[in-house]
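Enquirer: The structure's right below; bear with me while I get my questions together.
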Amino acid sequence: MRFAVAHKAATYLMVGSAYVALVAGGGVAPAIALAGLVALIASWWWEAPHVRLERWTRLWTAGSILALVYSVVASVLTADFLGVGAQFLVWLTVAKAYNRRAARDWQQMYLLAFLMLVAGSVLNPDLTYGLCFLAFVIASTWALTLFHLRREMEDNLLVKHAADRASERVEVRRILESRRIVDGRFFLGTGALSFGVFLGAALVFLALPRVGVGFFLKGRAGLTLTGFSDGVKLGGHGVIKNDATVVMRIEMPSHYGNRDAPEVHWRGVAFDRYARGQWSRLNTSPRTQQTLEEGPARDRRFLLWDGPARPARAIDELAAGLVRQDIWLEPLESDVLFGASKPRIVEYAHVLRPRRSMVERNDEVRLDHASTIHYTVWSELAQPSPDELRGSAGKLPPAYRDYLQLPPEITPRTRELARTLTAGLTNPYDQAMAIKAWLGNNLRYTLVLADPGRQEPVDFFLFDRKKGHCEYFASAFAVLARAAGIPTRQVNGFLGGEWNEYQGYVAVRAGDAHSWDEVFFPGAGWVTFDPTPAADLDVLGRGGAGWTERLGRFLDTMRFHWNKWVIEYDLASQLALFKQVGGVFETAAGAAKRGVVAIGRSLYADWPIWLLAATPLAGWLWWRRRRHQPVFPRLRSRPRPRVPVSQIYDEVARQLARAGAPRDAATTPRELALALTARGAVAAAPVAELTELYYAAEWGRRDDPAAEQRAAALAREIRAALDDARRASR
Amino acid sequence: MATREPARLPWWRRYRPPRRLSFTREGRLIVVLSVGVGFAAINTGNNLLYLLLGWLLSFIIASGLLSEMTLKRLVVDRRPPPRVFAGEPFLMEVAIKNEKPRRASFSIEVEDLVGTTPLDKRCYFLKIPAAKSQRTSYRHTFARRGLYTLSGYRVATKFPFALFRKSRDVTAPLEVLVYPARVPVARPAPRTTARGDTTTNRAGRRGEFLGLREHRVGDDRRDVHWRSSARSGRLLVREYEDEHARRLVIAVDNAMPEAVREAVDDGALTPAFEVSVAAVERAISVAASLVAAYLELGWTVELCARGCHIPAGAGRQHEAKIARALALLPYVADAVPFAVLPPRVESVLVIPRTVAAAGRPSASTVMDV
Numbered sequence: 034m035r036f037a038v039a040h041k042a043a044t045y046l047m048v049g050s051a052y053v054a055l056v057a058g059g060g061v062a063p064a065i066a067l068a069g070l071v072a073l074i075a076s077w078w079w080e081a082p083h084v085r086l087e088r089w090t091r092l093w094t095a096g097s098i099l100a101l102v103y104s105v106v107a108s109v110l111t112a113d114f115l116g117v118g119a120q121f122l123v124w125l126t127v128a129k130a131y132n133r134r135a136a137r138d139w140q141q142m143y144l145l146a147f148l149m150l151v152a153g154s155v156l157n158p159d160l161t162y163g164l165c166f167l168a169f170v171i172a173s174t175w176a177l178t179l180f181h182l183r184r185e186m187e188d189n190l191l192v193k194h195a196a197d198r199a200s201e202r203v204e205v206r207r208i209l210e211s212r213r214i215v216d217g218r219f220f221l222g223t224g225a226l227s228f229g230v231f232l233g234a235a236l237v238f239l240a241l242p243r244v245g246v247g248f249f250l251k252g253r254a255g256l257t258l259t260g261f262s263d264g265v266k267l268g269g270h271g272v273i274k275n276d277a278t279v280v281m282r283i284e285m286p287s288h289y290g291n292r293d294a295p296e297v298h299w300r301g302v303a304f305d306r307y308a309r310g311q312w313s314r315l316n317t318s319p320r321t322q323q324t325l326e327e328g329p330a331r332d333r334r335f336l337l338w339d340g341p342a343r344p345a346r347a348i349d350e351l352a353a354g355l356v357r358q359d360i361w362l363e364p365l366e367s368d369v370l371f372g373a374s375k376p377r378i379v380e381y382a383h384v385l386r387p388r389r390s391m392v393e394r395n396d397e398v399r400l401d402h403a404s405t406i407h408y409t410v411w412s413e414l415a416q417p418s419p420d421e422l423r424g425s426a427g428k429l430p431p432a433y434r435d436y437l438q439l440p441p442e443i444t445p446r447t448r449e450l451a452r453t454l455t456a457g458l459t460n461p462y463d464q465a466m467a468i469k470a471w472l473g474n475n476l477r478y479t480l481v482l483a484d485p486g487r488q489e490p491v492d493f494f495l496f497d498r499k500k501g502h503c504e505y506f507a508s509a510f511a512v513l514a515r516a517a518g519i520p521t522r523q524v525n526g527f528l529g530g531e532w533n534e535y536q537g538y539v540a541v542r543a544g545d546a547h548s549w550d551e552v553f554f555p556g557a558g559w560v561t562f563d564p565t566p567a568a569d570l571d572v573l574g575r576g577g578a579g580w581t582e583r584l585g586r587f588l589d590t591m592r593f594h595w596n597k598w599v600i601e602y603d604l605a606s607q608l609a610l611f612k613q614v615g616g617v618f619e620t621a622a623g624a625a626k627r628g629v630v631a632i633g634r635s636l637y638a639d640w641p642i643w644l645l646a647a648t649p650l651a652g653w654l655w656w657r658r659r660r661h662q663p664v665f666p667r668l669r670s671r672p673r674p675r676v677p678v679s680q681i682y683d684e685v686a687r688q689l690a691r692a693g694a695p696r697d698a699a700t701t702p703r704e705l706a707l708a709l710t711a712r713g714a715v716a717a718a719p720v721a722e723l724t725e726l727y728y729a730a731e732w733g734r735r736d737d738p739a740a741e742q743r744a745a746a747l748a749r750e751i752r753a754a755l756d757d758a759r760r761a762s763r
Numbered sequence: 293m294a295t296r297e298p299a300r301l302p303w304w305r306r307y308r309p310p311r312r313l314s315f316t317r318e319g320r321l322i323v324v325l326s327v328g329v330g331f332a333a334i335n336t337g338n339n340l341l342y343l344l345l346g347w348l349l350s351f352i353i354a355s356g357l358l359s360e361m362t363l364k365r366l367v368v369d370r371r372p373p374p375r376v377f378a379g380e381p382f383l384m385e386v387a388i389k390n391e392k393p394r395r396a397s398f399s400i401e402v403e404d405l406v407g408t409t410p411l412d413k414r415c416y417f418l419k420i421p422a423a424k425s426q427r428t429s430y431r432h433t434f435a436r437r438g439l440y441t442l443s444g445y446r447v448a449t450k451f452p453f454a455l456f457r458k459s460r461d462v463t464a465p466l467e468v469l470v471y472p473a474r475v476p477v478a479r480p481a482p483r484t485t486a487r488g489d490t491t492t493n494r495a496g497r498r499g500e501f502l503g504l505r506e507h508r509v510g511d512d513r514r515d516v517h518w519r520s521s522a523r524s525g526r527l528l529v530r531e532y533e534d535e536h537a538r539r540l541v542i543a544v545d546n547a548m549p550e551a552v553r554e555a556v557d558d559g560a561l562t563p564a565f566e567v568s569v570a571a572v573e574r575a576i577s578v579a580a581s582l583v584a585a586y587l588e589l590g591w592t593v594e595l596c597a598r599g600c601h602i603p604a605g606a607g608r609q610h611e612a613k614i615a616r617a618l619a620l621l622p623y624v625a626d627a628v629p630f631a632v633l634p635p636r637v638e639s640v641l642v643i644p645r646t647v648a649a650a651g652r653p654s655a656s657t658v659m660d661v
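Chains A and B, in that order, are what the protein sequence lines are.
The opening position of the first sequence corresponds to residue 34 in the numbering used here, with each subsequent residue numbered one higher.
The opening position of the second sequence corresponds to residue 293 in the numbering used here, with each subsequent residue numbered one higher.
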């Protein structure tokens, strides 16, 4: 590749990767981002001598002043300094790309690329930033190396000295067009270097102590999902879409998360009040009972549910018997944290403290977060047995009366249905199961919504429409259960998720949003009831086996790692990593120590065998040493490479040996030449001349092409003379 | 027999770091950016800024490692031209060999050192392929005659990113003898009646060894001087002195008043002293030019000065011998006598016009310059 083209291509790759890193996060308006990209690509051809750049200088200067004024005004008016600054950066980069003249312009392009990368670190915390960063590292290594060489050429190779004439200027353009300076090996070598730089960057990144106290990632707007919301409103019409956007990734033991395991209910928000087709929370409903432990790195909350408070040691013991989930949650419109039902312990970074004004009810856990958050949950997945629930007895706590609330608009036929379904059943469990069974057997699941109009939505669902989605099933169950006197609340969250076999985690998508119910049994606590028909529960499924699905899961794995190891890498992760690395070293050291001890013991116990094995080896080494041969030939220094004239002389010496004039070890080449001359041997004169050339080349270290040519000519002459002599002797 | 320990370096040289680093403008910028990004990362806790900081630091480390690899196993050879004259530019040839068997070296700078100061412009090598050598040269002018010692050379590189200039000083003394400046002179007409031996004005056969010259077609192979040919890489043949050459003595007065000599030694020349020094230098230059001119014509030339005498001789080697003597000719007091000029031989005495001195010999021609 021509030098100038290689340099330009590397520079454009570097600037382009930084540009994409900046705009891919959505911090720059899409129209501006696209226009900037097109302009940047077009600038490839905008350079001297095709264009007289100086003609356009004023126009670009005026444009830059306008862009500056606009940016100042816009940032004052919108207070979005970062977004407006990013747009101005885009303008500056494009303007500079159209004004590439001297080394300084290239340098400014590199600086702008770096600034774009810095701005992108705030505006784009997505995986795209990581990919662009990788491209930037590779391209910047190429671009900066080539730029350095180019500038050095321009600075140093402008004058060529000559002894016999005046010094003359060298045409740099000619060198820049050369294809000999950079080749494939250069790019491979610098590519390997950039890989090393990337590894070094990763190591430094992991090792730098995380002592920061803030979190400056620009808050992303929460994902608006079809399915999950921090509130339930029945009614409306249309078709619910199955959004496959991943909202949550959960690392958990594979026997709980894999495709064959029962689907997990990821509990989020819970509602106690139903009125006019909407679920909400009463101001009087029970607050989430919990104990909080604050640590230097992590805070831990123990959710009591309806049980008593416990000391810290008891909580640790409890955690050992629960199912642990490490969860990376994308920012949603809601600040609720999810966990497998039912969550007991929630742990998160100390810096992520909840707002003081935040009120948590119905055993919800809330934590405000504007970006991806990592936290750990320990849950009880096992439910009490039916017999245990049938036998549960006790008094309903007064605060729990809210879970029996029903609005007056609940129709008599709904209440009558509840009575009918539970008639003759003596315990709440059987009653709840009867309601669930009736719903599953008589109503159908659909994502197509029909507007109930002024009709009470649950009544419309139960008696007229007779089909609906999970919120209808859950609401109908709650209303019927409450009508039957069973304390119930509606829960929103997610169900199941896609099992990622590459990394072993569950990817929960927006389309996995789900509604179900929790029924309170005095003595046994809250128990999950999911009235939606089982066959229709998981529309998105647990993940297909086709190549597109697998590719999707692979990309999601990368995103997961990006979030886990880069975005959410904090002091706790760092300590855990160091501990892990320390453990590896400890294990290796232990193994080495055990090995040494075992060998020592074996030497002591089986010394005759060792002696038998070592004797031949020692003898061989001694024999090599006696013969002055190196014990380890490969460790010998490499012989000095023979110069071309010496190689020619070697060949001639072999021919002379074949012709009956060998040179023994005690004879120097010059003595051989003298001996040949003295006895008037064939080709003695050229051999003498070649011998002197050999001395000059091999021992005088003269690198002289003329001598090589002369030596080759002499060798031909000697060979011809020897051939003639051989023919004559025949 | 007593054994001598190898000479040890003085302690300050032993503890001097083998490499020197000086930051370039780009290097300083990268350091400032690293500090800024590091501060922002710690202050905000933004992990992507930590990633950028990691890249910047890794970039600097990689730059240091690569520049080290670039400087390794480079062997420099400087070759001055055979004759260097004061006041005339010459080309110093600088050859560099990359002894690394597989890796090329890029962007190498080489500069000669006088003490620790670079002599002149640095020589630049864009790319030295693996196991190859390249050569270039730089133009330099020594203003005065004398023996100059270049203490060594400095190999430096800014490769790969021009963040800093890493250099290595190598002690390799190189002596450059600068002959007196060449000046155009008119050869004085012979004035003595006794003109010495007769001349034939050409090289003869089988006289005294005169010197070496390049082999020409037709030369006797017996005259090839194999050892010198091997050294130079060119075929050289012996030349013999013509036994019937003309003979001339050139005398130059190198006497200098004591005050001026002391000022020269102290490096504190006054304008008046500088005039004296310039006059003596001019006289020496004229003498050297006369020697060259007469030897070119095939004369046998003898040099006389105070404290210096080069017996008669001819040929290029003799010219080099006299030029060397004149290059190193010191200023002496006029108490130092001249060597006795041989009688009945054409002689030219060159004296500096503004410097008075006693004990000047009588010559057939006196040039007051």
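Ideal Cβ positions, reconstructed from N, Cα and C, are used throughout, including at glycine.
How would you list, in chain order, the residues of chain B whose beta-carbon sits under 7 Å from the beta-carbon of residue 600 of chain A?
Expert: Per Cβ cutoff of 7 Å: 339.
Enquirer: By how many angstroms is the C-alpha of residue 224 of chain A removed from the C-alpha of residue 445 of chain B?
Expert: Roughly 33 Å between the two C-alpha positions.
Enquirer: Give the interface partners of residue 729 of chain A over in chain B, defined as CB-CB distance under 9 Å, in chain order.
Expert: Those are 521, 522, 523, 524 and 525, listed as they occur along chain B.
Enquirer: Below 8 Å, how does it come out for the segment 342 to 360 of chain A and the segment 382 to 392 of chain A: are there three or more Cβ pairs, yes or no?
Expert: With a cut-off of 8 Å, the segment 382 to 392 of chain A and the segment 342 to 360 of chain A do not count as touching, because too few Cβ pairs lie within range.
Enquirer: DSSP beta-bridge partners for residue 358 of chain A?
Expert: In DSSP, residue 358 of chain A forms a bridge with A:410.
Enquirer: Let me see if you follow: with CB-CB separation under 8 Å, is residue 399 of chain B close to chain A or not?
Expert: By this cut-off, residue 399 of chain B is an interface position.
Enquirer: Determine, using beta carbons only, whether residue 113 of chain A comes closer than 8 Å to chain E.
Expert: This model lacks chain E altogether; the protein chains it does include are A and B.
Enquirer: In this structure, how does DSSP classify residue 417 of chain B when only helix, strand and coil are distinguished?
Expert: DSSP places residue 417 of chain B in strand when its eight states are reduced to three.
Enquirer: List the DSSP bridge partners of residue 373 of chain A.
Expert: A:299.
Enquirer: Using a Cβ-Cβ cut-off of 7 Å (strictly less than) and excluding sequence neighbours within five positions of residue 249 of chain B, which residues of its own chain qualify?
Expert: No answer is possible for residue 249 of chain B: the residues shown for chain B start at 293 and end at 661.
Enquirer: Could you run through the segment 279 to 302 of chain A and flag, in chain order, every residue whose CB is less than 9 Å away from some CB of chain B?
Expert: Answer set for the segment 279 to 302 of chain A: empty.
Enquirer: In the DSSP output, what is residue 409 of chain B paired with across the bridge?
Expert: The partner list for residue 409 of chain B (beta bridge, DSSP) reads B:406.
Enquirer: In chain order, what residues of the segment 581 to 598 of chain B put their CB closer than 9 Å to some CB of chain A?
Expert: Listed by position, the residues of the segment 581 to 598 of chain B near chain A (Cβ gap below 9 Å) amount to none.
Enquirer: Out of B:368, B:315, B:330 and B:616, which has the shortest C-alpha to C-alpha gap to residue 401 of chain B?
Expert: The shortest C-alpha separation from residue 401 of chain B is found at B:368.
Enquirer: Determine the DSSP secondary structure at residue 125 of chain A, reduced to helix, strand or coil.
Expert: Of the three classes helix, strand and coil, the one that applies to residue 125 of chain A here is helix, per DSSP.
Enquirer: Identify every residue that forms a DSSP beta bridge with residue 602 of chain A.
Expert: Its beta-bridge partners do not exist; DSSP assigns none.
Enquirer: So residue 521 of chain A is in the beta strand (DSSP E); what residue range does that whole segment cover?
Expert: Where residue 521 of chain A is concerned, the enclosing beta strand (DSSP E) stretches over 521 to 528.
Enquirer: If you compare alpha carbons, which of A:743, A:436, A:282 and A:292 is closest to residue 314 of chain A?
Expert: Among A:743, A:436, A:282 and A:292, the Cα nearest to that of residue 314 of chain A is on A:436.
Enquirer: What do you reckon, are the CB atoms on residue 593 of chain B and residue 614 of chain B nearer than 8 Å?
Expert: Going by C-beta atoms, residue 593 of chain B is nearer than 8 Å to residue 614 of chain B.
Enquirer: Just grab the DSSP bridge partners of residue 405 of chain A for me.
Expert: Its beta-bridge partners do not exist; DSSP assigns none.
Enquirer: Quick one: which chain A residues come within Cβ less than 8 Å of residue 363 of chain B?
Expert: What residue 363 of chain B touches in chain A: nothing, since even the nearest Cβ is about 15 Å away.
Enquirer: May I ask you to list the residues that DSSP assigns as paired with residue 457 of chain B?
Expert: Answer by DSSP bridge pairing, in chain order: B:314.
Enquirer: Indicate whether the contact test is met: 3 or more Cβ pairs, each with one atom in the segment 295 to 307 of chain A and one in the segment 535 to 551 of chain A, closer than 8 Å.
Expert: Because the criterion of three Cβ pairs below 8 Å is met, the segment 295 to 307 of chain A and the segment 535 to 551 of chain A touch.
Enquirer: Considering only residues of the segment 498 to 585 of chain B, which uninterrupted beta strand (DSSP E) runs meet the minimum length of 3 residues and lie entirely inside it, listed in chain order?
Expert: For the segment 498 to 585 of chain B, whole beta strand (DSSP E) runs of length 3 or above, ordered along the chain, are 528 to 532 and 539 to 544.
Enquirer: Would you tell me roughly how many angstroms separate the C-alpha atoms of residue 161 of chain A and residue 170 of chain A, rounded to the nearest one?
Expert: Each residue's alpha carbon lies about 14 Å from the other.
Enquirer: Could you tell me how far apart the beta carbons of residue 165 of chain A and residue 235 of chain A are, in whole angstroms, since I believe they sit closer than 8 Å?
Expert: That belief does not hold up - the Cβ atoms of residue 165 of chain A and residue 235 of chain A are roughly 16 Å apart, past 8 Å.
Enquirer: Determine the DSSP secondary structure at residue 442 of chain B, reduced to helix, strand or coil.
Expert: Residue state, collapsed to three classes: strand.
Enquirer: By Cβ distance, which residues of its chain are closer than 6 Å to residue 487 of chain B, with the 5 residues on each side in sequence left out?
Expert: Bear in mind that a pLDDT of 42 at residue 487 of chain B, under 50, signals an unreliable position, so the model cannot answer this.
Enquirer: Can you check whether the CB of residue 556 of chain A is closer than 8 Å to the CB of residue 426 of chain A?
Expert: Yes.
Enquirer: Please classify residue 181 of chain A as buried or exposed, where buried requires at least 16 other C-beta atoms within 10 Å of its C-beta.
Expert: Result: buried.
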